[in-house]
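Have a look at the structure below, then the notes.
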Ligand SMILES: NC(=O)c1ccc[n+]([C@@H]2O[C@H](COP(=O)([O-])OP(=O)(O)OC[C@H]3O[C@@H](n4cnc5c(N)ncnc54)[C@H](OP(=O)(O)O)[C@@H]3O)[C@@H](O)[C@H]2O)c1
């Protein structure tokens with residue numbers, strides 16, 4: 027406890043030197059949000075909606091893991107809730123302990139991750155405390171954010187695109203010692219500079235979703251969006267969608283934002299979007315029953331899109347709801363266009379009419395997180411004030427269960443932050459001039 031207090035005091039003193047950071051005593055244990063392996067079956071038989079993350083997520087004191095080669099221990103000032111926190115906490119579609127067991131079989135270093143607890147969290151903003159052997163690019167005292175790509179890169183497969191590494195994992199989801207904690211263990215190649223004009227909680231919030239949206243929409247590994255493209259964005263004010271909307275606008279494309287209520291529509295409008303569809307108000311029912319879709323509803327949806335675009339169809343669909351929307355997404359894409367998907371929130375067994383795909387020469391592209399370079403470029407855009415965090419609300423570490431329930435029940439806007447070591451919101455800004463320039467955009471999702 028004393029060691030944690032001293033770490034926080036060092037971070038709050040702007041004059042602390044790298045040598046002083048390196049000399050800080052590390053605690054033997056720290057507080058972290060965990061799942062317990064002996065509770066994997068706790069929600070058996072319940073509907074997804076009734077599985078309550080407040081019951082499965084615990085705030086525990088856990089032993090500090092040993093630092094290995096190429097790794098860093100980071101004092102976490104703030105983290106964020108991602109949908110993967112929800113999946114983990116409701117043990118769907120599978121228990122994340124199966125990932126840890128599999129990883130643990132890889133090597134003695136990886137075996138550290140296979141524990142009876144799982145520390146979650148795939149985002150962080152904080153300060154480097156220690157680096158392991160072989161780490162030269164980062165040192166104690168560096169203010170950082172971390173992306174969540176964990177790779178081994180021992181195989182040739184990952185050397186053109188690190189997402190293709192056979193041992194690619196999402197840190198804090200498929201590995202242990204994630205960011206929803208006072209200290210996190212990362213591979214040093216996850217680290218990137220913390221954007222100086224942002225608070226800890228703002229800096230921590232874009233990480234996973236911003237990088238994912240960047241690859242999925244902008245990168246040539248994803249849809250390779252270009253100026254003038256019509257981009258249909260599902261969940262346009264949500265975690266992924268709030269960044270996809272910004273990328274479309276910043277890249278000269280035309281976002282067609284789909285949301286489910288007035289407040290969400292307003293926030294898309296405030297971001298600068300002009301074409302917005304409230305899917306609840308329109309009452310789309312793409313499925314007639316559990317097994318059959320209704321092509322007339324796809325058509326009605328396509329008609330609404332044309333109404334908003336002056337008769338044009340969409341070049342790109344930014345897909346993630348999955349089963350419920352995928353048939354409609356394939357249908358409304360223009361001839362030669364692209365459906366790019368990174369998730370299946372409403373179900374992963376998709377159904378679509380393949381005639382609309384092959385006859386109209388459309389493509390379906392799978393996309394997952396981002397490679398190091400893409401994550402770096404996405405963070406660089408945040409640091410330059412070209413893309414902004416979409417933080418709406420911040421919780422304490424102890425309230426992570428409630429924060430996850432809000433995301434699970436789709437009650438949130440943009441991103442939900444979590445304060446870890448940071449005693450309050452608003453700390454960590456070092457470039458006040460850049461912040462002042464973008465304050466309205468930075469606060470756009472606040473209080474929503
Ligand atoms: N592969 C990857 O690397 C990766 C990375 C990030 C996230 N993901 C996955 O992507 C999904 C979304 O993540 P997120 O962070 O954006 O979550 P989020 O913050 O909850 O946003 C998702 C949005 O999708 C919309 N939505 C939800 N269910 C829908 C449905 N049945 N039909 C139409 N729209 C629906 C909702 O917006 P409205 O209610 O306003 O329409 C919601 O705000 C999750 O499954 C997550 O696990 C994957």
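Residue numbers (this note's numbering): 27 to 474.
Glycine is no exception: its CB is placed at the ideal position from the N, C-alpha and C atoms.
Check this for me: beta carbons of residue i and residue j, under 9 Å apart or not?
i, j, result
"residue 378", "residue 344", "no"
"residue 181", "residue 192", "yes"
"residue 82", "residue 69", "yes"
"residue 88", "residue 58", "yes"
"residue 110", "residue 148", "yes"
"residue 263", "residue 415", "no"
"residue 201", "residue 176", "yes"
"residue 324", "residue 301", "no"
"residue 120", "residue 430", "no"
"residue 243", "residue 205", "no"
"residue 470", "residue 342", "no"
"residue 96", "residue 215", "yes"
"residue 217", "residue 187", "no"
"residue 115", "residue 63", "no"
My understanding is that residue i touches residue j, with C-beta atoms under 8 Å, so please give their C-beta distance in whole angstroms.
i, j, result
"residue 209", "residue 101", "6 Å"
"residue 241", "residue 393", "6 Å"
"residue 422", "residue 447", "Contact doesn't hold; Cβ gap of about 11 Å is too wide."
"residue 298", "residue 275", "5 Å"
"residue 350", "residue 312", "6 Å"
"residue 79", "residue 427", "5 Å"
From this set, the options, which residue's C-alpha is nearest residue i's C-alpha?
i, options, result
"residue 408", "460, 432, 394, 163", "460"
"residue 229", "405, 274, 347", "405"
"residue 247", "396, 151, 360, 314", "396"
"residue 33", "85, 99, 316, 360", "99"
"residue 203", "465, 86, 433", "86"
"residue 36", "473, 334, 304, 103", "103"
"residue 140", "154, 164, 122, 391", "122"
From residue i to residue j, what does the alpha carbon distance come to, in whole angstroms?
i, j, result
"residue 403", "residue 219", "11 Å"
"residue 307", "residue 287", "7 Å"
"residue 411", "residue 65", "43 Å"
"residue 497", "residue 172", "In the structure as shown, the chain begins at 27 and stops at 474. Residue 497 is therefore absent and cannot be evaluated."
"residue 267", "residue 259", "6 Å"
"residue 93", "residue 44", "18 Å"
"residue 179", "residue 310", "45 Å"
"residue 420", "residue 196", "23 Å"
"residue 340", "residue 456", "41 Å"
"residue 389", "residue 441", "30 Å"
"residue 221", "residue 269", "16 Å"
"residue 326", "residue 348", "19 Å"
"residue 358", "residue 316", "21 Å"
"residue 31", "residue 224", "23 Å"
"residue 152", "residue 170", "6 Å"
"residue 118", "residue 435", "15 Å"
"residue 131", "residue 346", "31 Å"
"residue 321", "residue 314", "10 Å"
"residue 329", "residue 290", "22 Å"
"residue 17", "residue 449", "Outside the modelled stretch of the chain, which goes from 27 to 474, sits residue 17, for which no answer is possible."
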